[in-house]
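*Asks:*
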Amino acid sequence: MAKISNDQFQSPTAYLEYLNTLMIQKNASDMYLTYGEPPVLRILEEVHRETDLEPLDDELLNQLALTLMNTTGLDFFEKHGSIDLGIGYQDRRYRVNISRQRGHIMIVARLLRKKVPTLESLCLPGIFKELSHRTNGIIFLAGATGSGKSTTLAAMVEEINQTEKKHILTIEDPIEYIFEAKESVVDQKELGKDVSSFSSAMKYALRQRPDVILFGEIRDLDGIRNAILLSETGHLVLTTVHARSAEQV
11 MAKISNDQFQ
21 SPTAYLEYLN
31 TLMIQKNASD
41 MYLTYGEPPV
51 LRILEEVHRE
61 TDLEPLDDEL
71 LNQLALTLMN
81 TTGLDFFEKH
91 GSIDLGIGYQ
101 DRRYRVNISR
111 QRGHIMIVAR
121 LLRKKVPTLE
131 SLCLPGIFKE
141 LSHRTNGIIF
151 LAGATGSGKS
161 TTLAAMVEEI
171 NQTEKKHILT
181 IEDPIEYIFE
191 AKESVVDQKE
201 LGKDVSSFSS
211 AMKYALRQRP
221 DVILFGEIRD
231 LDGIRNAILL
241 SETGHLVLTT
251 VHARSAEQV
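In terms of our numbering, the sequence shown is residues 11 to 259.
Given below as structure tokens:
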């Protein structure tokens, strides 16, 4: 069977549309675009090469990356060598990471569930609901990549959103779930689009009079210090860290 040539697609957008359709048809959760390989989909926790498509070359990968990034995103990528994006596409939403490997562009996209999860839908123990209704302090959710930290935090925020009249402020990199305001008012800021850095977002957070502050992930000691300071001023702060246990936090 003849392969589908990359030249058959009229634009990078058309190629991305085809991949989006492919992910829907095959119920894939993740997609990997790597130099010298055809697109790879993760289906039921196994990776599968889409051998009907030609391997990706530098020209196509660069075009795809430029299509996904805006000008601000491109500047950030050139400075740091990696960028996380939240991409809304048709009725789906993806978390996209663009980085370099062996001097070539690499793109990884993970499908995000459109519906914000609830604590009940995740079958989480009652302690998570109890913690969600605290009025101050800081909650670190620790775990490895892909362990469900962001999903769990989203469910905790949704619990507050559904039941309390609060102002919730989220600062994420990127925004993963779009919250619909219910009992609470929810404002969401994305790093690189709405704020230049987590530190500047933390600095100005107090001026926005939030009751609950969600930081998508804290990556350094300064971030931890600032989050603790916010929690000591009467706010409930929710965040995640990469760690295998509470002891490592």
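Every residue, glycine too, gets a C-beta built ideally from N, C-alpha and C.
Just so it is clear, the structure is predicted and the values come from calculations on it, not from any experiment.
Is it buried or exposed, residue 220, if we count other Cβ atoms within 10 angstroms and call 16 or more buried?
*Replies:* The residue is buried, with at least 16 neighbouring Cβ atoms inside 10 Å.
*Asks:* Going by Cα to Cα distance, which pick from 111, 120 and 164 is closest to residue 131?
*Replies:* Considering only alpha carbons, the answer is 164.
*Asks:* Cα separation between residue 45 and residue 138?
*Replies:* Looking at the two C-alpha atoms, the distance is approximately 42 Å.
*Asks:* List the endpoints of the continuous alpha helix (DSSP H) containing residue 166.
*Replies:* Unbroken alpha helix (DSSP H) run through residue 166: 159-173.
*Asks:* Below 6 Å CB to CB, which residues in the same chain sit around residue 244 once its five sequence neighbours on both sides are set aside?
*Replies:* The residues are 146.
*Asks:* Can you have a look at residue 171 and say buried or exposed, based on whether 16 or more other CB atoms are within 10 angstroms of its CB?
*Replies:* By the 10 Å Cβ count, residue 171 comes out buried.
*Asks:* With DSSP collapsed to three states, give me the class of residue 236.
*Replies:* Residue 236: helix per DSSP, three-state reduction.
*Asks:* What residue from 20, 85, 89 and 79 has the CA that sits closest to residue 95's CA?
*Replies:* The shortest C-alpha separation from residue 95 is found at 79.
*Asks:* Could you say which of 126, 176, 116 and 224 lies nearest to residue 66 if we only look at CA atoms?
*Replies:* Cα-wise, what sits closest to residue 66 is 116.
*Asks:* So, is residue 49 buried or exposed, given that buried needs 16 or more other C-beta atoms within 10 angstroms?
*Replies:* The residue is buried, with at least 16 neighbouring Cβ atoms inside 10 Å.
*Asks:* Using the three-state DSSP reduction, which class does residue 120 fall into: helix, strand or coil?
*Replies:* Residue 120 falls in the strand class under three-state DSSP.
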